[in-house]
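Enquirer: I'd like to ask you about the structure that follows.
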Amino acid sequence: MMRVYHMTEQSYSPAWKGDQHLRVSLPNNACDPQTAADLFHRYYDEWLLADDLGLDIMINEHHATATCMSSVAVVPLAILARQTKRARLLVLGYPLGNRIDPLRIAEELATVDVISRGRLEMGFVKGVPYELPVSNLNPVQLMDRFWESHDFIIKALSSHGEPFNWEGEFFHYRHVNVWPRAYQDPHPPVWITTASKNNAKQIAARGYVMATMGTGYASKGTYDAYKQQRREMGEVEPGLDRFAYLGLVAVGSNEAEARRRGEFIAEYPRSSSRVHAPFANPPGFLSVDDNVRLLKAGSGRLGRLVTKDGRVISSSKGSVQDLMDAGMMFCGTPDQVYQQIVDFSNAIGGFGHFLAMMQAGFLSHEETVDSMTLFAKEVLPRLQNYHYTPHEAPAVAAE
Amino acid sequence: MEPPTASNPPIQGEAARSLSIAGLKVELIRKGVGRPILFLHPESGIDLTAPVLDLLAENAEVIVPMHPGFGSSEIPSSMSTIDDVAYFYLDFLEALDLRDVIIVGVSLGAWIAAEMAIKSTNRLSHLVLANAVGIKVGDRETRDIADIFALTEQQFSKLAFHDPATGERDLASLSDDALRNIARNREASARFGWNPYMHDPKLRGRLHRIDIPTLFLWGESDQIVKPEYGRTFCSGVPGARFELIEKAGHFPHLEQPDIFAGRVISFINESGQSQLSRRSPILSQELA
Chain A
1 MMRVYHMTEQ
11 SYSPAWKGDQ
21 HLRVSLPNNA
31 CDPQTAADLF
41 HRYYDEWLLA
51 DDLGLDIMIN
61 EHHATATCMS
71 SVAVVPLAIL
81 ARQTKRARLL
91 VLGYPLGNRI
101 DPLRIAEELA
111 TVDVISRGRL
121 EMGFVKGVPY
131 ELPVSNLNPV
141 QLMDRFWESH
151 DFIIKALSSH
161 GEPFNWEGEF
171 FHYRHVNVWP
181 RAYQDPHPPV
191 WITTASKNNA
201 KQIAARGYVM
211 ATMGTGYASK
221 GTYDAYKQQR
231 REMGEVEPGL
241 DRFAYLGLVA
251 VGSNEAEARR
261 RGEFIAEYPR
271 SSSRVHAPFA
281 NPPGFLSVDD
291 NVRLLKAGSG
301 RLGRLVTKDG
311 RVISSSKGSV
321 QDLMDAGMMF
331 CGTPDQVYQQ
341 IVDFSNAIGG
351 FGHFLAMMQA
361 GFLSHEETVD
371 SMTLFAKEVL
381 PRLQNYHYTP
391 HEAPAVAAE
Chain B
1 MEPPTASNPP
11 IQGEAARSLS
21 IAGLKVELIR
31 KGVGRPILFL
41 HPESGIDLTA
51 PVLDLLAENA
61 EVIVPMHPGF
71 GSSEIPSSMS
81 TIDDVAYFYL
91 DFLEALDLRD
101 VIIVGVSLGA
111 WIAAEMAIKS
121 TNRLSHLVLA
131 NAVGIKVGDR
141 ETRDIADIFA
151 LTEQQFSKLA
161 FHDPATGERD
171 LASLSDDALR
181 NIARNREASA
191 RFGWNPYMHD
201 PKLRGRLHRI
211 DIPTLFLWGE
221 SDQIVKPEYG
231 RTFCSGVPGA
241 RFELIEKAGH
251 FPHLEQPDIF
261 AGRVISFINE
271 SGQSQLSRRS
281 PILSQELA
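Here it is in structure tokens:
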């Protein structure tokens, strides 16, 4: 069984010109509000179509960037909680270490869960480094804040008795009492993203859904770490529904059409990392050991992916074929895309949630609708019957 | 609470060693003989073979610790502000039973020195604050201190040095230990200085408590914190004096080590404690 979530970053692609930096420093005079409104409406139309087509929905947020206009994830969540009928609504997610008020997060999530009648999937993320110069929250101790915020939110959502007290290292409240209470009991399912084995173990210890985002075959290391942790806790094999993977998707009725769509979508990884270099690695975001490796090797290590046959490619400069070989993009006819997803899933350890960026870069509304419809009609029914069949994967260590 | 204690008191000499103060192990060296100078390094750390340390050691005993989290000094997760570091160094002086100490601090090190002196000058005799950060001077929309975390290495060198070539370094030629120090120093600087950015909003209003002779030295070409910021900082410390150092930027101890050390030594020699009352002017008035 595999569920598939339609995802778009709601980019403001009209501002992607030349090779200018798109994050943190691009003034918003490059944003025309009327164009932004048109784009938002179109992206919501695509999510409503996903609901009609039997797909689920994924939402994210980023800040001060033309790559993603969704700066407050609760806005699309709130709109879609009311406007959609059946789709699961995955937010992946709330950048917990980047938020000063976890009580507000618990209130937002509980409200969305109630309005959607229990369709919320509650994802928490470390977030990308570029957010910290904007939020001005300290990159040092980011994950310490993340986990305290997490602990608080889980308690706030699952407490139904007397208001409780919280005086932690980072957050202080004296009368915590979330109204309305969440629809799902004790709280919506928790998802956390990771690219590291250590985090994978922490996620596994709590039995949460672990998501890896475009990390290709290196994901196998984190999947293995998750399974190892569960085995140590006495579980033979965690279900496929504990694993999620995000990839780019372009489907066409023939290969040429799919490749053309893939080219438009590949503009997303090509533009996504265009940022003034110091913002890509604020102090404390990476470990000291990782920074020593970067100082030795240069920043070229960032955004590096390894293909199935061991080739190193750059996610920001690679061709569509490179991205496909690296398990970052799934592109072709419905038959081809189905086979690519299944092969990849089997290679990294098997996932039950596929997060499909079917709109990204310069892909138009019409082409997105066609790609989504082909996927939903011809690929989705087969993925719903997916069974994990392990097969030989290349030896690529998770970083 | 027990008073802070030092284990393994260091033997004087040039070798780098470590010392545990109240359970926290820090790297330090002591060199020279004479009155104690506590040298508090800037956010970039300090090379323990820097000429300025030897020049100072010709006239004094120079004690150069690596701040908690910098170099190979430990840091507990509870330590997150310069205020914490200042209390640590007050414990440090007590544990080593140092008296009549001259503190020489550069940039972030000068911020630590000022935070110590507003708490207690009991064990201090003089302060030398060079290209200090630590206070808010301008209005809320003016960034007083250049955002070093938003600069490439080349951009930083251009603003920080009179001669930007002084700041050039070949990372490929450095040892793993040296690279590790660079990474740790950068992380520790952010831990203490990310937000509020490189200052303590409370510090300026407390500077009047500093009741020992204080000299501000300022590399004239500094574009990270400009001399005007330094003059304002200086005006908050009773009786303090401000001196520019030519042909130097944010790190005058590196670009003009002879002049820097010479100014420190002559300041110590010219001004005894008698020049300033040990009591703050405000308190004196109240008692009068």
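Going down the list, the sequences are from chains A and B. Just so you know, we're using my numbering here: the first sequence kicks off at 1 and counts up by one. Just so you know, we're using my numbering here: the second sequence kicks off at 1 and counts up by one. Heads up, the beta-carbon is just placed ideally off N, CA and C, and yes, glycines get one too. Remember, predicted model here, so these are calculated numbers, not experimental data.
1. I'd like the ranges of any alpha helix (DSSP H) spanning at least 4 consecutive residues and lying wholly in the region 26-97 of chain B.
2. In this structure, how does DSSP classify residue 208(B) when only helix, strand and coil are distinguished?
3. With DSSP collapsed to three states, give me the class of residue 68(A).
4. Determine the contact status of residue 145(B) and residue 225(B), defining contact as a CB-CB distance below 8 angstroms.
5. Please report the residue range of the beta strand (DSSP E) in which residue 332(A) lies.
6. Mind checking who residue 194(B) pairs with in its DSSP beta bridge?
7. Quick check on the burial criterion: 16 or more other C-beta atoms within 10 angstroms. Buried or exposed for residue 100(A)?
8. Output needed for residue 23(A): all residues of its chain with C-beta closer than 6 angstroms, excluding positions within five of it in sequence on either side, in chain order.
9. Name, in chain order, the residues that DSSP records as bridge partners for residue 75(A).
10. Could you tell me which residues DSSP pairs with residue 191(A) in its beta bridges?
11. Is residue 365(A) helix, strand or coil when you go by DSSP?
12. Taking only beta-carbon positions, decide if residue 399(A) is within less than 8 angstroms of chain B.
13. Checking contacts by CB at 8 angstroms: is residue 206(B) closer than that to chain A?
14. Using a Cβ-Cβ cut-off of 7 angstroms (strictly less than) and excluding sequence neighbours within five positions of residue 391(A), which residues of its own chain qualify?
15. Which chain B residues sit within Cβ distance under 7 angstroms of residue 402(A)?
16. So does the region 88-97 of chain B actually touch the region 208-218 of chain B, counting three or more Cβ pairs closer than 8 angstroms?
17. For a cutoff of 8 angstroms on Cβ pairs, would you count residue 50(B) as touching chain A?
18. From residue 279(A) to residue 231(B), what distance separates their C-alpha atoms?
19. With contact counted as at least three CB pairs below 8 angstroms, one residue from each stretch, are the region 215-226 of chain A and the region 329-342 of chain A in contact?
20. What span of residues does the alpha helix (DSSP H) with residue 257(A) cover, start to end?
21. Tell me, please, whether the CB atom of residue 189(B) is closer than 8 angstroms to any CB atom in chain A?
22. Using the Cβ count rule (16 or more neighbours within 10 Å means buried), how would you classify residue 255(B)?
23. Under the assumption that residue 245(A) contacts residue 354(A) (Cβ atoms under 8 angstroms), give the Cβ distance between them as a whole number of angstroms.
24. I'd like to check one pair, residue 210(A) with residue 181(A): are the Cβ atoms closer than 8 angstroms?
25. With 8 angstroms set as the bound, which would you pick, yes or no: does the beta-carbon of residue 182(B) sit closer than that to a beta-carbon of chain A?
26. What residues in the region 193-205 of chain B bring their beta carbon closer than 7 angstroms to a beta carbon of chain A?
27. Can residue 131(B) and residue 23(B) be called in contact, C-beta distance under 8 angstroms?
28. Using only CA atoms, which one of 141(B), 59(B) and 171(B) lies nearest to residue 153(B)?
29. Check residue 133(A) in the structure and name its three-state DSSP category.
30. From 201(B), 251(B), 217(B) and 233(B), pick the residue whose C-alpha is nearest to that of residue 266(B); which is it?
31. Quick check: is the beta carbon of residue 419(A) nearer than 8 angstroms to any beta carbon in chain B?
32. Please state if the CB of residue 356(A) and the CB of residue 4(A) are separated by a distance shorter than 8 angstroms.
33. Are any of the Cβ atoms in chain A nearer than 8 angstroms to that of residue 53(B)?
34. Under a three-way DSSP split, which group does residue 373(A) fall into?
35. So, at 7 angstroms on beta carbons, what are the nonlocal neighbours of residue 125(B) in its own chain, with the 5 sequence-adjacent residues on each side left out?
36. What residues in its chain sit with their C-beta under 8 angstroms from that of residue 49(B), if we drop five residues either side in the sequence?
Expert: Looking at the coordinates:
1. Taken in chain order, the complete alpha helix (DSSP H) segments of 4 or more residues contained in the region 26-97 of chain B are 51-57 and 82-95.
2. Taking the first residue of the second sequence as position 1, residue 208(B) is located at position 208. Residue state, collapsed to three classes: helix.
3. Start at 1 with the first residue of the first sequence, and residue 68(A) comes out as number 68. When secondary structure is reduced to three states using DSSP, residue 68(A) falls in the coil class, being assigned neither helix nor strand.
4. The residue you call residue 145(B) lines up with position 145 of the second sequence. The residue you call residue 225(B) lines up with position 225 of the second sequence. Taking a C-beta distance under 8 angstroms as the contact criterion, residue 145(B) and residue 225(B) qualify as a contact pair.
5. Here residue 332(A) refers to the residue found at position 332 when the first sequence is read from its first residue. Residues 329-332.
6. Taking the first residue of the second sequence as position 1, residue 194(B) is located at position 194. According to DSSP, residue 194(B) bridges with nothing at all.
7. Position 100 of the first sequence, counting from 1, holds the residue named residue 100(A). Residue 100(A) comes out exposed.
8. The residue you call residue 23(A) lines up with position 23 of the first sequence. If the five residues before and after residue 23(A) are omitted, its C-beta is found closer than 6 angstroms to the C-beta atoms of 65, 130 and 275, all from its own chain and listed in chain order.
9. In the first sequence, residue 75(A) corresponds to position 75, counting from 1. The partner list for residue 75(A) (beta bridge, DSSP) is empty, contrary to what the question assumes.
10. By one-based count along the first sequence, residue 191(A) stands at place 191. Answer is 123(A) and 209(A).
11. Position 365 of the first sequence holds residue 365(A). DSSP places residue 365(A) in helix when its eight states are reduced to three.
12. As a working note, residue 399(A) is residue 399 in the first sequence. With a pLDDT of 42 at residue 399(A), under the threshold of 50, the modelled position of that residue is not reliable, and the figure given next carries that caveat. It does not; no Cβ of chain B falls within 8 angstroms.
13. As a working note, residue 206(B) is residue 206 in the second sequence. Using a Cβ-Cβ cut-off of 8 angstroms, residue 206(B) does not count as an interface residue toward chain A, since no Cβ of chain A sits closer than that to its own.
14. Taking the first residue of the first sequence as position 1, residue 391(A) is located at position 391. Closer than 7 angstroms at the Cβ level, and outside the excluded window around residue 391(A), lie 346 and 347.
15. With chain A running from 1 to 399 in the structure shown, residue 402(A) is simply not present.
16. Judged by Cβ distances under 8 angstroms, the region 88-97 of chain B makes no contact with the region 208-218 of chain B, as fewer than three pairs qualify.
17. Here residue 50(B) corresponds to residue number 50 of the second sequence, with the count starting at 1. With a threshold of 8 angstroms between beta carbons, residue 50(B) makes no contact with chain A.
18. Working through the first sequence from its first residue, we reach residue 279(A) at position 279. Working through the second sequence from its first residue, we reach residue 231(B) at position 231. Each residue's Cα considered, the two are about 32 angstroms apart.
19. When C-beta atoms of the region 215-226 of chain A are compared with those of the region 329-342 of chain A, fewer than three pairs fall below 8 angstroms, so the two segments do not count as touching.
20. Position 257 of the first sequence, counted from the first residue, corresponds to residue 257(A). In the DSSP annotation of this structure, the continuous segment of the alpha helix (DSSP H) that includes residue 257(A) starts and ends at 255-272.
21. The count along the second sequence starts at 1 and reaches residue 189(B) at position 189. Yes, because at least one Cβ of chain A sits closer than 8 angstroms to the Cβ of residue 189(B).
22. Within the second sequence, residue 255(B) is the residue found at index 255, counting from 1. Residue environment: residue 255(B) is assigned as buried (16 or more neighbouring CB atoms within 10 Å of its CB, all protein chains considered).
23. On the first sequence, position 245 is the one that residue 245(A) refers to. On the first sequence, position 354 is the one that residue 354(A) refers to. The pair is a contact, with the Cβ atoms about 6 angstroms apart (cut-off 8 angstroms).
24. Position 181 of the first sequence, counted from the start, is the residue given in the question as residue 181(A). Position 210 of the first sequence, counted from the start, is the residue given in the question as residue 210(A). Going by C-beta atoms, residue 181(A) is not nearer than 8 angstroms to residue 210(A).
25. Here residue 182(B) refers to the residue found at position 182 when the second sequence is read from its first residue. Using beta-carbon distances, residue 182(B) counts as an interface residue toward chain A, with a partner under 8 angstroms.
26. From the region 193-205 of chain B, only 194 and 195 have a Cβ closer than 7 angstroms to chain A.
27. Taking the first residue of the second sequence as 1, we reach residue 131(B) at position 131. Taking the first residue of the second sequence as 1, we reach residue 23(B) at position 23. No, the Cβ-Cβ distance between residue 131(B) and residue 23(B) is not below 8 angstroms.
28. Position 153 of the second sequence holds residue 153(B). Considering only alpha carbons, the answer is 171(B).
29. Stepping through the first sequence from its first residue, residue 133(A) is reached at position 133. In the structure shown, the three-state DSSP call for residue 133(A) is helix.
30. Walking along the second sequence from the start, residue 266(B) turns up at place 266. When only C-alpha atoms are compared, the closest one is 217(B).
31. Because chain A in this structure spans residues 1 to 399, residue 419(A) falls outside the shown range and cannot be described.
32. One-based indexing of the first sequence puts residue 4(A) at position 4. One-based indexing of the first sequence puts residue 356(A) at position 356. Inclusion of residue 4(A) and residue 356(A) in the CB contact set at 8 angstroms is warranted, their separation being smaller than that value.
33. Here residue 53(B) refers to the residue found at position 53 when the second sequence is read from its first residue. Residue contact with chain A for residue 53(B): absent (no Cβ-Cβ distance below 8 angstroms to any residue of chain A).
34. In the first sequence, the residue the question calls residue 373(A) occupies position 373. Residue state, collapsed to three classes: helix.
35. Indexing the second sequence from 1 puts residue 125(B) at position 125. If the five residues before and after residue 125(B) are omitted, its C-beta is found closer than 7 angstroms to the C-beta atoms of 100, 101, 102, 212 and 273, all from its own chain and listed in chain order.
36. Numbered from 1 along the second sequence, position 49 holds the residue referred to as residue 49(B). So no residue of the chain qualifies.
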